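When we follow the working numbering, the leftmost residue of the sequence shown carries the number 276, and every step to the right adds one. Where a beta carbon is used, it is the ideal one built from N, C-alpha and C, also for glycine. None of these values were measured; they are calculated from a predicted model. One structure below.
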Amino acid sequence: MFALRFVIPRGLQSAGDLLSAASRPISRERKWADHPARRITAESAYGCLVNHPFAVGNKRMALAAMATFLEMSGFTWTCGEVEETAMVLRAAAGEMQEDEWEAWVVRNVGKRE
Numbered sequence: 276m277f278a279l280r281f282v283i284p285r286g287l288q289s290a291g292d293l294l295s296a297a298s299r300p301i302s303r304e305r306k307w308a309d310h311p312a313r314r315i316t317a318e319s320a321y322g323c324l325v326n327h328p329f330a331v332g333n334k335r336m337a338l339a340a341m342a343t344f345l346e347m348s349g350f351t352w353t354c355g356e357v358e359e360t361a362m363v364l365r366a367a368a369g370e371m372q373e374d375e376w377e378a379w380v381v382r383n384v385g386k387r388e
């Protein structure tokens with residue numbers, strides 16, 4: 276919240292859309308009995324992809340935030356670059372539903388050793 280209120284970067288197109296993407300997992304009434312960190316990560320990244328809160332770099336930011344959150348939560352991102360690029364482009368273009376995106380993310384997350 277501090278960053279949204281006081282340190283709004285030049286490239287931020289809409290603070291509201293960024294806040295919406297970040298709070299997406301919290302506002303959804305779903306239970307994550309299995310893989311909660313993976314599903315929360317997937318929903319936040321999807322929100323960034325479809326809300327377009329930044330003037331440029333929404334796809335890069337979604338992937339960077341997702342990888343960072345997973346790493347901080349003790350997971351690794353196991354997807355290859357070619358598949359990752361194709362899936363991100365599909366999601367950003369609206370060619371993929373959130374459930375499909377979430378299932379793909381969950382499949383491509385591994386536990387850090």
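- Message: Going by C-alpha to C-alpha distance, which of Gly-355, Arg-365, Ala-378 sits closest to Lys-334?
- Response: As a position in the sequence shown, residue 334 is number 59, starting the count at 1. That would be Arg-365, whose Cα lies nearest to the Cα of Lys-334.
- What residue does the alpha helix (DSSP H) around Phe-344 start on, and which one ends it? Residue mapping note: residue 344 aligns to position 69 of the sequence shown, counting from 1. Taken as a continuous stretch (DSSP letters only), the alpha helix (DSSP H) holding Phe-344 covers 333-347.
- Under the rule that 16 or more other beta-carbon atoms within 10 Å means buried, what is Gly-369, buried or exposed? As a working note, residue 369 is residue 94 in the sequence shown. The residue in question, Gly-369, is exposed, as its Cβ has fewer than 16 Cβ neighbours within 10 Å.
- Item | Bounding residues of the beta strand (DSSP E) (the contiguous stretch that carries Thr-351) | As a working mapping, residue 351 is identified with position 76 in the sequence shown. Unbroken beta strand (DSSP E) run through Thr-351: 350-352.
- Item | C-beta contact flag for Leu-345 and Val-363 at 8 angstroms | The residue given as residue 345 occupies position 70 in the sequence shown. The residue given as residue 363 occupies position 88 in the sequence shown. Their beta carbons are not under 8 angstroms apart, which means Leu-345 does not touch Val-363 by this criterion.
- Task: Report the rounded CA-to-CA distance for Tyr-321 versus Met-336, giving the unit in angstroms.
- Result: As a working note, residue 321 is residue 46 in the sequence shown. As a working note, residue 336 is residue 61 in the sequence shown. Going by the C-alpha atoms only, they are around 11 angstroms apart.
- Query: In three-state terms, what does DSSP make of Gly-385?
  - Reply: Along the sequence shown, read from residue 1 onward, the residue named residue 385 stands at position 110. Looking at Gly-385 - three-state DSSP - the assignment turns out to be strand.
- Integer-rounded CB distance, given that Ala-312 should sit under 8 angstroms from Ser-348: Here the question's residue 348 lines up with position 73 in the sequence shown. Here the question's residue 312 lines up with position 37 in the sequence shown. The Cβ separation is near 4 angstroms, so the contact holds.
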